[in-house]
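Presented below is the structure to which this report refers.
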Amino acid sequence: MKAPILIVKNLPAEGMAIFPFILLKKESYKKDKQILNHEKIHLRQQLELLIFPFYFLYLVNYLINILRYKKHDLAYRKICFEQEAYQHENDLNYLKNGNWFGWLAPGKSGT
Numbered sequence: 589m590k591a592p593i594l595i596v597k598n599l600p601a602e603g604m605a606i607f608p609f610i611l612l613k614k615e616s617y618k619k620d621k622q623i624l625n626h627e628k629i630h631l632r633q634q635l636e637l638l639i640f641p642f643y644f645l646y647l648v649n650y651l652i653n654i655l656r657y658k659k660h661d662l663a664y665r666k667i668c669f670e671q672e673a674y675q676h677e678n679d680l681n682y683l684k685n686g687n688w689f690g691w692l693a694p695g696k697s698g699t
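So for the sequence shown, the working numbering puts the first residue at 589; every next one is plus one.
Below you can see the structure in the form of structure tokens.
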């Protein structure tokens, strides 16, 4: 998946995917295959849900998690979309293997 990459120096994270773009905090991250793969997984998740429902479900999942865990970092890491992306960010073949909707069963999707 080829996505346009934008550098946003004030980005609150190393990277972010907002369809169809990948936003990166630093120019040097363009060479970081792990960050790029993580964000490409998010782009596919957005396509799986026809883009806008992804953002709604992402926010709802985060809000439920923040109520449950009371800590931003843990609530963020427990978002089902983040779990899939973190679990497979080092597998550069993950997207090629057709593992669609892996976020539905975090920890169980895989190659």
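Where is the CB? At the ideal position from N, CA and C, for every residue including glycine.
**Asked** So, ILE629 versus PHE607, is the Cβ gap smaller than 9 Å?
**Response** Numbered from 1 along the sequence shown, position 41 holds the residue referred to as residue 629. Numbered from 1 along the sequence shown, position 19 holds the residue referred to as residue 607. No, they are not a contact pair.
**Asked** Are the Cβ atoms of HIS676 and GLY686 separated by less than 9 Å?
**Response** The residue given as residue 676 occupies position 88 in the sequence shown. The residue given as residue 686 occupies position 98 in the sequence shown. Result no, Cβ atoms of HIS676 and GLY686 do not sit closer than 9 Å.
**Request:** Following the continuous beta strand (DSSP E) through LEU612, name the residue where it begins and the one where it ends.
**Result:** Mapped onto the sequence shown, residue 612 falls at position 24. Boundaries of the beta strand (DSSP E) harbouring LEU612: 609-612, taken from the DSSP string.
**Message:** For PHE642, count the other beta carbons within 10 Å of its own beta carbon; 16 or more makes it buried, fewer makes it exposed. Which is it?
**Reply:** Locating residue 642 in the sequence shown gives position 54, counting from the first residue. Buried, because 16 or more other Cβ atoms sit within 10 Å of the Cβ of PHE642.
**Prompt:** Quick one: is LEU594 buried, meaning 16 or more other Cβ sit within 10 Å of its Cβ, or exposed?
**Reply:** To locate residue 594, count along the sequence shown from 1; it is residue 6. The residue in question, LEU594, is exposed, as its Cβ has fewer than 16 Cβ neighbours within 10 Å.
**Asked** Would you say the stretch 666-676 touches the stretch 646-657, given that touching needs at least three Cβ pairs under 8 Å?
**Response** yes
**Message:** In the DSSP output, what is ILE654 paired with across the bridge?
**Reply:** As a working mapping, residue 654 is identified with position 66 in the sequence shown. Note: ILE654 sits in no beta bridge, so no partner.
**Message:** Quick check: what's the CA-CA separation for TYR646 versus GLN633?
**Reply:** Here residue 646 refers to the residue found at position 58 when the sequence shown is read from its first residue. Here residue 633 refers to the residue found at position 45 when the sequence shown is read from its first residue. Each residue's Cα considered, the two are about 10 Å apart.
**Prompt:** Along the chain, where does the alpha helix (DSSP H) that runs through ALA605 open and close?
**Reply:** As a working mapping, residue 605 is identified with position 17 in the sequence shown. That residue, ALA605, is in no alpha helix (DSSP H); its beta strand (DSSP E) goes 603-606.
**Closest residue to LYS599 among PRO592, ALA591, LYS614 (Cα-Cα distance)** = What you label residue 599 is simply residue 11 of the sequence shown in a count that begins at 1. For clarity, residue 599 is Leu in the given sequence; the question names Lys instead. The candidate whose alpha carbon is nearest that of LEU599 is LYS614.
**Asked** Which residues in the same chain as ALA591 place their Cβ atom closer than 8 Å to its Cβ, once the five residues preceding and following it in sequence are excluded?
**Response** As a first step, residue 591 is located in the sequence shown; it is residue number 3 there, counting from the start. Cβ neighbours of ALA591 beyond the five flanking positions: ALA605, PRO608, PHE609, ILE610, GLU627, LYS628, LEU631.
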